[in-house]
Amino acid sequence: MSARPLLIAQISDLHIKQPGERAYLQVDTAEALTRCITELNRLKPRPDLVVISGDLVDTPLAAEYDHLKTLLAPLEIEFAAIPGNHDNRELMRAALPYLGYAQSRGALNSVHKVGGVDIVLLDSTVPGAHHGELDAATLRWLDATLGASITRPALLFVHHPPFRTGITHMDEINMHNAGHLAALMRKHPRARMVAAGHVHRPTLTTFAGVAATICPAPSHAVALDLDGHMPASFMIEPPAFHVHAYFEDENFGRIVTHNVPIGEFDGPYPFSDSEGNFL
Ligand SMILES: [Fe+2]
């Protein structure tokens, strides 16, 4: 067993605008991302990879991707990314051409080997639409990618959750062909987790028999409305991101997801004195 788990940080839904603009006229998403990067850079131990799970920019515009690149420059950890419904594949590919995309056109899928684990990023965007779907080429690629090994665990990242949350206006634009993803995950049991974004809230469930999560955003959260009593709204809640800790074992390992709040907090204070007595 390794001394520390393999660590994959996940940040999501950055919604970067042009300099000086606020998302929905309210949210300074650039400042939020800068605070998030400060938090990532001071994590000890350092994550092995940062995955950005979609909605990198907001409109989308080439100038927003330029701003994003400026804001990401201080990040001291390697990152990989997939688009969300607020992104544009061509603009993102042009702005971030070095992220290891598996196909030279269309969906921005990629796979990254981190230690003994494969990090599989799936592009669930549908050009011109807000809901998600894995297109035929992506499903074929996923089948082949997962089929390339029967021993290495694989962690899947995708923008659109393949499950309902109870927030109706978001569920209407989740992944519409989640059954295809479930079938491939059951066919390839090395797929150990699916981690999504899109809903801007920390959310946990299971999908195809493994853990399924949604990562919160560094800026705004979709309001928690589980009975449709209000129009689609957002809240400024405590910003956060996820750190997925992968512990090796004799099977496909164990994944524990930590929710990490972003901000300046009091502490740390020791629990006990130098003799081990509780203070
Ligand atoms: Fe978003």
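Numbering-wise, numbering that gives the first Met the number 0 puts 123 at position 124 of the sequence shown, and it's gapless, one number per residue.
The beta-carbon is built from N, C-alpha and C at its ideal position, and this holds for glycine as well.
Here the structure is a predicted model, which means the values were calculated and not measured.
What residue does the beta strand (DSSP E) around T202 start on, and which one ends it?
202 to 206
Exposed or buried, what is T28 when buried is set at 16 or more other beta-carbons lying within 10 Å of its beta-carbon?
buried
With a Cβ-Cβ cutoff of 7 Å, do I15 and L67 count as a contact?
yes
Taking the runs of the alpha helix (DSSP H) that are 4 residues or longer, which of them lie wholly in the region 131 to 162?
135 to 146
Nearest-angstrom beta carbon gap, N87 and D54 [assumed within contact, 8 Å]:
Their Cβ separation, rounded to whole angstroms, is 11 Å, which puts D54 and N87 out of contact at 8 Å.
So is the beta-carbon of D303 under 6 Å away from any non-hydrogen atom of ligand 1?
Lying outside 0 to 278, the shown extent of the chain, residue 303 is not represented and no answer is given.
Classify M0: buried if its beta carbon has 16 or more other beta carbons within 10 angstroms, exposed otherwise.
Low local confidence applies: a pLDDT of 49 at M0 is under 50, so the model's placement there is unreliable, and no value is given.
Give a single yes or no on whether D122 has its beta carbon closer than 6 Å to a heavy atom of ligand 1.
no
If distances are taken between C-alpha atoms only, which option among R185, P160, I172, P230 comes closest to P215?
P160
Whole-angstrom distance between T150 and L278, CA atom to CA atom
47 Å
Under 7 Å Cβ to Cβ from L145, same chain only, skipping five residues before and after it: list those, please.
A153, L183, H187, R189, A190
Using DSSP's beta-bridge definition, name the partner residues of Y64.
DSSP, once it has assigned bridges, lists no residue as partnering Y64.
Do you know offhand how far R10's Cα is from K43's?
Just to set this straight, residue 10 is Ile in the shown sequence, not Arg. In a straight line, the C-alpha of I10 is about 17 Å away from that of K43.
Where does T212 fall in DSSP's three states?
strand
7 Å Cβ cutoff met for P82 and I36:
no
Since A220 sits in a beta bridge, which residues does DSSP pair it with?
M234
How is H129 classed by DSSP in three states: helix, strand or coil?
coil
Tell me where the beta strand (DSSP E) around R191 begins and ends.
190 to 195
Proximity of T164 and V113 at Cβ, strictly below 7 Å:
no
Collapsed DSSP secondary structure at D117 in the structure displayed
strand
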